[in-house]
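For reference, the structure discussed in these notes is given below.
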Amino acid sequence: MPELPEVETIRRGLAEHVCGRTIADVAVHHPRAIRHVLGGEGEFRSEILGRSIIGLGRRGKFLWLNLADPAVAAASASSGPTSQPTPQAGDQVVVVHLGMSGQMLIKDSNANSDDPKFKHCRIQVRFDDNTQLWFVDQRTFGYWLPTQLVDAGLGLVPETADHIARDLLDPELKLSEVASMMHSKTLAVKKLLLNQEIIAGIGNIYADEMLWFAAINPNQPANTLDPAALKNLLMAGRTVMRAAVARGGTSFDDLYVNVNGESGYFDVELHAYGQDGRPCDRCGTILVKEKFTNRSSHYCPHCQPLVP
Numbered sequence: 001m002p003e004l005p006e007v008e009t010i011r012r013g014l015a016e017h018v019c020g021r022t023i024a025d026v027a028v029h030h031p032r033a034i035r036h037v038l039g040g041e042g043e044f045r046s047e048i049l050g051r052s053i054i055g056l057g058r059r060g061k062f063l064w065l066n067l068a069d070p071a072v073a074a075a076s077a078s079s080g081p082t083s084q085p086t087p088q089a090g091d092q093v094v095v096v097h098l099g100m101s102g103q104m105l106i107k108d109s110n111a112n113s114d115d116p117k118f119k120h121c122r123i124q125v126r127f128d129d130n131t132q133l134w135f136v137d138q139r140t141f142g143y144w145l146p147t148q149l150v151d152a153g154l155g156l157v158p159e160t161a162d163h164i165a166r167d168l169l170d171p172e173l174k175l176s177e178v179a180s181m182m183h184s185k186t187l188a189v190k191k192l193l194l195n196q197e198i199i200a201g202i203g204n205i206y207a208d209e210m211l212w213f214a215a216i217n218p219n220q221p222a223n224t225l226d227p228a229a230l231k232n233l234l235m236a237g238r239t240v241m242r243a244a245v246a247r248g249g250t251s252f253d254d255l256y257v258n259v260n261g262e263s264g265y266f267d268v269e270l271h272a273y274g275q276d277g278r279p280c281d282r283c284g285t286i287l288v289k290e291k292f293t294n295r296s297s298h299y300c301p302h303c304q305p306l307v308p
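Numbering (the UniProt record's numbering), first residue to last: 1 to 308.
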């Protein structure tokens, strides 16, 4: 599943290509892509047709397109890009959840069913300049959902994501507060890192990486770590996330690509995830892989011992 760096890479790519574009047409090629829209394709089309994309938002693994209604879009277009309104509570957005294999691909006006990617294209948007945005999702776990922005106390987010915590790239995130919250829990520290209501955007790849950098065992109960160590873990995570974004995220197959169809290359810099059987980059001990809930953990048994 795409994690924070992959979704942020996609957000940045979309911001470059679709901001200011008006949605001229949309086709839904698979009903699962709009399964949460109660009124089906008719309602979905009525919610987004004629709207202009005025910005892109993201929290954790959630991505959304900020939309302007037709009247506001027309006024903005005639006045220039500087007049685009600032998003506020109640504004309409389209949430995009990428699921396990979702891709947001920019296509030119000539792209059609001859394109190999079209086989798994679930939603096809055509803009007013005839460029296209394809939502390609081979495994069909992803979806689009029109909704509105709300302020649930942690800034503006889509209504369906109001339970999601801030993430490590959010400038408003207070690392000390998150560390204190984690310290109050007896659960394994990795389990807390994966809890999107505590800290958003971290999946198995980046949890293993930040734990390796902080030299903490994935199974270490969080309450046995002092808040300073937990804050250091979160700081390590922030560094990892920034480095991963700079390299376009992590791609192990062709299921994750950026908006231009290009793979990320952070996988060549991984120190823990998927590195079992190889020597630790810090001490040379062979890294191990262990079952962790319904996932696996990868870590160094020497650098990351489980402390009684």
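Glycine is no exception: its CB is placed at the ideal position from the N, C-alpha and C atoms.
Candidates the options: closest to residue i by CA position
i: leucine 193; options: Ala244, Asp167, Gln148; result: Asp167
i: aspartate 281; options: Ala215, Ala243, Ser297; result: Ala215
i: glycine 261; options: Leu270, Ala272, Gly249, His271; result: Gly249
i: alanine 228; options: Ala33, Arg247, Thr186, Met182; result: Met182
i: glutamine 88; options: Val157, Thr224, Pro279, Arg51; result: Val157
i: glutamine 92; options: Gly102, Ile54, Glu8; result: Ile54
i: isoleucine 23; options: Val37, Phe44, Glu8; result: Phe44
i: methionine 235; options: Gln124, Gly90, Pro171; result: Pro171
i: valine 28; options: Thr186, Leu67, Glu41, Asp253; result: Glu41
i: serine 297; options: Asp151, Lys191, Val257; result: Lys191
Exposure of residue i, with buried meaning 16 or more beta-carbon neighbours within 10 Å
i: glycine 155; result: exposed
i: glycine 277; result: exposed
i: cysteine 303; result: buried
i: glutamate 290; result: exposed
i: valine 18; result: buried
i: valine 268; result: exposed
i: serine 46; result: exposed
i: serine 184; result: exposed
i: glycine 57; result: buried
i: leucine 14; result: buried
Same chain, Cβ closer than 7 Å to residue i, neighbours up to 5 away in sequence not counted
i: valine 240; result: Tyr206, Glu209, Met210, Phe213
i: valine 288; result: Asp276, Tyr299, Pro301
i: lysine 117; result: Leu105, Trp134, Val136
Chain-order list of residues whose beta-carbon lies under 6 Å from that of residue i (same chain, five-residue window excluded)
i: arginine 238; result: Leu168
i: alanine 188; result: Asn219
i: asparagine 195; result: none
i: lysine 107; result: Gln132, Trp134
i: glutamine 124; result: Ala27, Trp134
Supposed contact pair residue j and residue i - C-beta distance, whole angstroms, cut 8 Å
i: histidine 97; j: phenylalanine 62; result: 7 Å
i: valine 245; j: proline 2; result: Not really, about 12 Å apart at Cβ, beyond 8 Å.
i: arginine 295; j: phenylalanine 127; result: Wrong, their Cβ atoms sit about 39 Å apart, outside the cutoff.
i: arginine 59; j: isoleucine 164; result: 5 Å
i: valine 94; j: proline 31; result: Contact flag wrong, Cβ pair sits at about 17 Å.
i: residue 339; j: isoleucine 48; result: Coverage of the chain is limited to positions 1 through 308, which leaves residue 339 absent and any answer about it impossible.
i: arginine 122; j: alanine 33; result: 4 Å
i: glycine 99; j: glycine 142; result: 3 Å
i: serine 101; j: asparagine 130; result: The Cβ separation is near 27 Å, so there is no contact.
i: glycine 274; j: arginine 247; result: The Cβ separation is near 16 Å, so there is no contact.
i: glycine 90; j: leucine 38; result: About 20 Å separates the two Cβ atoms, so there is no contact after all.
Check: residue i C-beta below 7 Å from any heavy atom of the ligand ZN
i: arginine 21; result: Of ligands this structure carries none, so the ligand ZN is not represented either.
Contact set for residue i: own chain, Cβ-Cβ below 8 Å, skip 5 residues either direction
i: asparagine 232; result: Ala214
i: asparagine 112; result: Phe118
Ignoring anything shorter than 3 residues, give me the beta strand (DSSP E) runs that lie fully in the region 104-186, in order along the chain.
121-127, 132-137, 143-151, 156-158
Considering only residues of the region 248-295, which uninterrupted beta strand (DSSP E) runs meet the minimum length of 3 residues and lie entirely inside it, listed in chain order?
288-292
Unbroken stretches of the beta strand (DSSP E), 3 residues or longer, contained in the region 2-73:
23-28, 52-59, 62-68
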